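**Student:** One gets our numbering by counting positions in the sequence shown from 1 and adding 32 to each.
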Amino acid sequence: MESDAPVIFRFHGELKPLINPGAYAPSPGRDGVREVRRSGFVIYPVTRSASLKDAIEALGIPHTEVGCITVDGLAMGFDEPLLPGLTVGVYPVNAPTDVTLAHPLRPKPLADVSFAVDACVGKLATLLRLLGLDTAYEQDWDDDELVELASEQGRIVLTRDKALLKRSAVSHGRLVRAQEPTEQLLEVLTHFGLKGPFTPFVRCLRCNDLLEPVSKAEILHLLEPLTRKHYHEFHRCRSCGRIYWPGSHHEAMREWLNSVGLD
33 MESDAPVIFR FHGELKPLIN PGAYAPSPGR DGVREVRRSG FVIYPVTRSA SLKDAIEALG
93 IPHTEVGCIT VDGLAMGFDE PLLPGLTVGV YPVNAPTDVT LAHPLRPKPL ADVSFAVDAC
153 VGKLATLLRL LGLDTAYEQD WDDDELVELA SEQGRIVLTR DKALLKRSAV SHGRLVRAQE
213 PTEQLLEVLT HFGLKGPFTP FVRCLRCNDL LEPVSKAEIL HLLEPLTRKH YHEFHRCRSC
273 GRIYWPGSHH EAMREWLNSV GLD
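(1) Taking the runs of the alpha helix (DSSP H) that are 4 residues or longer, which of them lie wholly in the segment 141-220?
(2) In three-state DSSP terms, what is Met-33?
(3) Determine, using beta carbons only, whether Val-120 and Leu-47 come nearer to each other than 8 Å.
(4) Three or more beta-carbon pairs under 8 Å between the segment 96-116 and the segment 208-227, yes or no?
(5) Between which residues of its own chain and Lys-194 is the CB-CB distance below 6 Å, once the five residues before and five after are set aside?
(6) For the beta strand (DSSP E) containing Val-246, list its first residue and its last residue.
(7) On the DSSP bridge assignment, give the partners of Met-285 in chain order.
(8) Consult DSSP for Tyr-56 and reduce its assignment to one of helix, strand or coil.
(9) Keeping to the same chain, check which residues put their C-beta closer than 8 Å to that of Glu-89; ignore five residues upstream and five downstream.
(10) Going by other Cβ atoms of all chains shown within 10 Å of its Cβ, with 16 needed for buried, is Ala-37 buried or exposed?
(11) Buried or exposed, going by whether 16 or more other CB atoms sit within 10 Å of the CB of Met-33?
(12) For Asp-166 and Phe-230, I'd like the C-alpha separation in whole angstroms.
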């Protein structure tokens, strides 16, 4: 093996559009980038000591998106050294993936499926909560706060920000490809194998905590006149105190869930 021989990377499947070949594109400009993303091949010179993870992420692929790495046909881990002359295959995470099971690249499984959502996909958080899924989200969190919470609580990070998912403290995540919130929701459910049955309307859409029944008499002074007159069943968030009842907005959400096959 020649000491100055480059590493040949081949990226597969949904990883190919994520490649950012930079100076390693076979031709300059957009044509070179398109060629790399079409073929998945990158010829990568070894100029410093680095791991496979370092090189893969330098080429634009967050480690959370990688399901398997092979070196000359043998499965390898992220920490393997990048050596001249290697042929490296990089494969995506196959859906559905179960984060509660150990994986060769992610040996520490999560206790359950829960999410930490970045502000760039904030509407997705509301839809996940609507289904009853445990979803942490605050619009004003910075990246450090989000990553710290996800790490401490064992949550899956959902974002469209590659750099966020490249952080070593993020063990499980998904780079959300879809742009429209409904499509984002369906993408996440498919990727993590969440088929239901779901329990809609059990979480606060504002703060994520669980709702609990509350008597009408107890909250009567908080209700608008028409709400007092027409509705008799209420729930209240046990954290922020927000009140919910099965009004027209509730019915519209129920119809939406039915329209996308989730009710």
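Idealized CB from N, CA, C, for every residue including glycine.
Remember, it's a predicted structure, so these values are computed and weren't measured experimentally.
**Tutor:** Reading from the atomic positions:
(1) Runs of the alpha helix (DSSP H) lying entirely within the segment 141-220, each at least 4 residues long, are 154-162, 175-185, 194-197 in chain order.
(2) Note on Met-33: pLDDT 47, under 50, position unreliable in the model; the coordinate value appears next. Judged by DSSP in its simplified three-state form, Met-33 adopts coil rather than helix or strand.
(3) Taking 8 Å as the Cβ cut-off, Val-120 and Leu-47 do not qualify as a contacting pair.
(4) No, the segment 96-116 is not in contact with the segment 208-227.
(5) Correct list, in chain order: Pro-94.
(6) Unbroken beta strand (DSSP E) run through Val-246: 243-246.
(7) According to DSSP, residue pairing for Met-285 in a beta bridge does not occur.
(8) Helix at Tyr-56.
(9) Correct list, in chain order: His-95, Lys-198.
(10) An exposed status is given to Ala-37, since fewer than 16 other beta-carbon atoms sit within 10 Å of its beta-carbon.
(11) Caution applies to Met-33, whose pLDDT of 47 falls short of 50 and renders its modelled position unreliable; the value that the coordinates give is listed next. Exposed.
(12) When rounded, the distance between both Cα atoms is 12 Å.
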